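Comments concern the structure below.
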Amino acid sequence: MTMPVQPLLRISHLRKAYGSNVVLRDLSLDVPAHQCVTLIGASGSGKSTLLRCINLLEIVDDGQVFLQGRDITDPRIDGDQVRTQVGIVFQAFNLFPHMSVLDNVTLAPRRVHRIARAEAEDAAMTMLSRVGLADKAKARPDELSGGQQQRVAIARALVAKPVLMLFDEVTSALDPELVGEVLELLAELRDDGMTMLVATHEMGFARQVADTVVFLDGGDIAEAGPPAQILEHPQDERTQRFLRRILDAGRR
Amino acid sequence: MADRPGAHSARPAAADRLDSWTPSAVQLDRLAYRRRRSRRSALAAAVSTAVLIAVGVLVVTNTPGWPQFRESFFDLSYGWQVLPQIAEGLWLNVRLMLICEAVILVVALAIALARTLRGPVFFPVRAAAIGYTDLFRGLPLILVLYMLGFGMPSLRVSWLPSSALFWGCVALVLTYSAYVAEVFRAGIESVHPSQRAAARSLGLTHAQTMRHVVVPQAVRRVMPPLLNDLVSLQKDTGLISVLGVIYDAVLNARIETAATFNYTPFVVAGLLFVVLTIPMTRLTDWVARRQGWAGTGGAL
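These protein sequences, in sequence, are chains A and B. Numbering-wise (numbering that gives the first Met the number 0), the first sequence opens with residue 0 and increments by one. Numbering-wise (numbering that gives the first Met the number 0), the second sequence opens with residue 0 and increments by one.
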């Protein structure tokens, strides 16, 4: 094979604006299969918008997103079908409060993938054990801690066997002592070979788990590279300033 | 917050940088495709609407009784002739509606607030408010109209007004206040307790908390169902014609019909009521849509 290996996700010259406010400009990024790419940057730098564009929750204003070589920003393709291949986990968990944990996890398999209830529940229980919450299957989301809710949300996204997982500041709404359990789960996923794009403020996670760290500023990539390089020896002046602010805030 | 991109403020770094973007070929192609598709769906909608209307008209006009039906319900020249009379009556309905609406909003909010009072001291107030809403939400409006409109004047209490118009309005207010009070109460209860806690923690009294924090949020939230009830009130003002001496649009139509045995005046009155409620209905939609945006903007 002489062809270069195709990245699982290719973002090419992406642009997204809300009115005159350009949130993403000419942003290009490759995420190879089985890699964990971490997006860092200040609030408003476009991390969340980028993830929402990839999951087709936003209509892009220009540029393309390729998932396994297929242009998913083409209006002719079925967005719902793409979303079944891409899992996303939100900052605020977004579990359905009127359903049990098990029903949250089995909703998409049963309604979207038309899997029989027994089979869907088996798969869901496997996934819940995987995130350490099998004993909470019958609980309502509001009976769980934030960390547990977020792990359910991750199980809910994983149960459809996505080829790509997006994490949108999944620990930002958690109490500090609950952050660890969620980040550990992300690290395990990465070790299992999941392809992940993780927007985060947790520099420790970026340093230990990420294959690539991407620093976003003002809607495009200021600097990208291995964690050791970006976090320890940033070349770009904006990255340096951002990291210094984080260090000053005592958030490593 | 972070999953609500619309809320991002423009960063100075991004805003200052020159934005030299011109749409790429891919983007132009996408835009053209979306335009084509929306044109096609607009066309499909127009065609299907036209077909539906044509079929409806054909079915109705081919019924055996259509000629007589048209004569007694859609007599254009007769309808035109009675229009001024009915429109004059409608003006009475409009005034009734405006006055009743104002009173209803005040009474209903008072009842809803009475139901939020806590503590054993207020038990009688709460009980009265609950009893009132239970009673008047259950009673058919037309019975309330009969009982008050015919019953009250027959008591012959000298200081009570004896006008049917007055008692008709009272019946509308009593009935609708019970409904609208429930709408307000739902709104008040939907405001999260943490808002109340925050207000009380600043030293606001229960009344101040309600006045400045809870009710403003509650009213905003229940605007669509509230307007829905008011639209319903607009047409129910036509019901007070059952009291017989109030020359509103419906009674005028009934008089015209009784004289000629032609029902066109009812159709005219009906159309006028529809025309009257349409602006209100559109306003309701608009408010609901705006609220919908505000409510789900960050949720997806």
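The C-beta atom is built at its ideal place from N, Cα and C for all residues, glycine as well. Every value quoted in this text rests on a predicted model; they were computed, and no experiment measured them.
Say the cut is 7 Å; is the CB of Asn54/A nearer than that to a heavy atom of the ligand GDP?
The ligand GDP is not among the ligands present in this structure, which contains no ligands whatsoever.
Using a Cβ-Cβ cut-off of 8 Å, state whether Ser312/B counts as contacting chain A.
There is no way to answer for residue 312/B, as the model of chain B reaches only from 0 to 299.
Would you tell me roughly how many angstroms separate the C-alpha atoms of Arg109/A and Ala117/A, rounded to the nearest one?
Taking the straight line joining both Cα atoms gives about 10 Å.
Please state if the CB of Val158/A and the CB of Ala205/A are separated by a distance shorter than 8 Å.
No, the Cβ-Cβ distance between Ala205/A and Val158/A is not below 8 Å.
With a 10 Å radius around its C-beta and 16 neighbouring C-beta atoms as the bar for buried, classify Arg140/A as buried or exposed.
Note that residue 140/A is Pro in the sequence shown, not Arg. Buried, since its Cβ has 16 or more Cβ neighbours within 10 Å.
Bridge partners - Phe166/A, DSSP secondary structure assignment:
DSSP output for Phe166/A lists Val88/A and Val197/A as bridge partner(s).
Measure how close the beta-carbons of Arg150/A and Leu132/A come, nearest whole angstrom, since I'm counting them as under 8 Å.
Yes, Arg150/A and Leu132/A are in contact; Cβ-Cβ is about 6 Å, under 8 Å.
Suppose the cutoff is 6 Å on Cβ atoms and the five residues either side in sequence are ignored; what does the same chain contact list for Leu230/A look like?
Excluding positions up to five away in sequence, the list reads Arg206.
Would you kindly work out how many angstroms separate the C-alpha atoms of Gln26/B and Leu49/A, rounded to a whole number?
Rounded to whole angstroms, the separation of the alpha carbons of Leu49/A and Gln26/B is 17 Å.
Cα-Cα separation between Ala268/B and Leu238/B, rounded to whole angstroms:
Taken atom to atom, the span from the alpha-carbon of Ala268/B to that of Leu238/B is near 12 Å.
Hey, is Gln26/B's beta-carbon within less than 8 Å of any beta-carbon in chain A?
Closer than 8 Å: yes.
Who are the neighbours of Arg94/B on chain A, taking C-beta pairs under 8 Å?
Here the premise fails: no neighbours, minimum Cβ distance about 44 Å.
Consider the Cβ of Arg155/A: report whether some Cβ of chain B lies at a distance smaller than 8 Å.
Not an interface residue.
Beta-ladder partner(s) of Asn20/A, from DSSP
Its beta-bridge partners are Tyr17/A.
Taking C-beta pairs closer than 9 Å, name the residues in chain A that Trp20/B reaches, listed in chain order.
Arg14, Ala16, Val21, Arg24, Asp25, Asp60 and Asp61, listed in chain order.
Return yes when the Cβ of Gly40/A is within less than 8 Å of the Cβ of Phe166/A, no when it is not.
Going by C-beta atoms, Phe166/A is not nearer than 8 Å to Gly40/A.
Is there at least one Cβ from chain B nearer than 8 Å to Pro175/A's Cβ?
Any Cβ of chain B closer than 8 Å to the Cβ of Pro175/A would place that residue at the interface, and such an atom is absent.
Asn20/A versus Leu66/A - alpha carbon distance:
Approximately 27 Å between the Cα atoms of the pair.
Hey, does Ile38/B have any beta-carbon neighbour from chain A nearer than 8 Å?
Here the sequence assigns Arg to residue 38/B, which means Ile is not the residue at that position. Cβ-Cβ to chain A under 8 Å: no for Arg38/B.
Gly5/B at chain A interface by Cβ criterion, 8 Å:
Residue confidence for Gly5/B is low, a pLDDT of 43 falling below 50, so the modelled location carries little weight and cannot support an answer.
Under a Cβ-count criterion, where at least 16 other Cβ atoms within 10 Å of its own Cβ denotes burial, should Leu108/B be classed as buried or exposed?
With 16 or more Cβ atoms within 10 Å of its Cβ, Leu108/B is classed as buried.
Which term fits Ala127/B, buried or exposed, when burial requires 16 or more other beta carbons within 10 angstroms of its beta carbon?
Around the beta carbon of Ala127/B, fewer than 16 other beta carbons sit within 10 angstroms, so the residue counts as exposed.
When burial is assigned at 16 or more other CB atoms within 10 Å of the CB, is Asp134/A buried or exposed?
Classification for Asp134/A: exposed.
Give me the Cα-Cα distance between Val230/B and Trp285/B, rounded to the nearest whole angstrom.
In a straight line, the C-alpha of Val230/B is about 14 Å away from that of Trp285/B.
Proximal residues of chain B, C-beta to C-beta of Arg75/A below 8 Å
Within chain B, the residues near Arg75/A are Tyr32.
Helix, strand or coil: which one does DSSP assign to Gly78/B?
In the three-state scheme derived from DSSP, where H, G and I count as helix and E and B as strand, Gly78/B is classed as helix.
For Arg289/B, decide whether its Cβ has a neighbour in chain A, counting only Cβ atoms nearer than 8 Å.
The C-beta of Arg289/B comes no closer than 8 Å to any C-beta of chain A.
For Thr21/B, which of helix, strand or coil comes out of DSSP?
It is coil, neither helix nor strand.
Residue range of the alpha helix (DSSP H) that Val100/A falls in?
Residues Val100 to Arg110.
N- and C-terminal bounds of the alpha helix (DSSP H) containing Asp228/B:
Asp228/B -> alpha helix (DSSP H) spans Val214 to Asp235.
Excluding the five sequence neighbours on either side, which residues of its own chain have a C-beta within less than 6 Å of the C-beta of Ala156/A, listed in chain order?
Apart from sequence neighbours up to five positions away, the residues of its chain that approach Ala156/A with a beta-carbon distance below 6 Å are Gly86 and Val88, ordered along the chain.
Span separating the alpha-carbon of Leu270/B from that of Phe73/B:
Cα-Cα distance, rounded: 12 Å.
Mapping the DSSP letters down to three states, classify Leu8/A as helix, strand or coil.
Strand.
Tell me, to the nearest whole angstrom, how far the beta carbon of Val212/A is from that of Thr37/A; I am working on the premise that it is less than 8 Å.
Indeed, because the Cβ distance is near 5 Å, the residues count as touching under 8 Å.
In or out: Asn61/B buried (at least 16 other Cβ within 10 Å) or exposed?
By the 10 Å Cβ count, Asn61/B comes out exposed.
Give every residue of the same chain whose Cβ lies closer than 7 Å to the Cβ of Tyr262/B, excluding the five residues on either side of it in the sequence, and list them in chain order.
Result list for Tyr262/B: Ser71, Phe72 and Thr256, in chain order.
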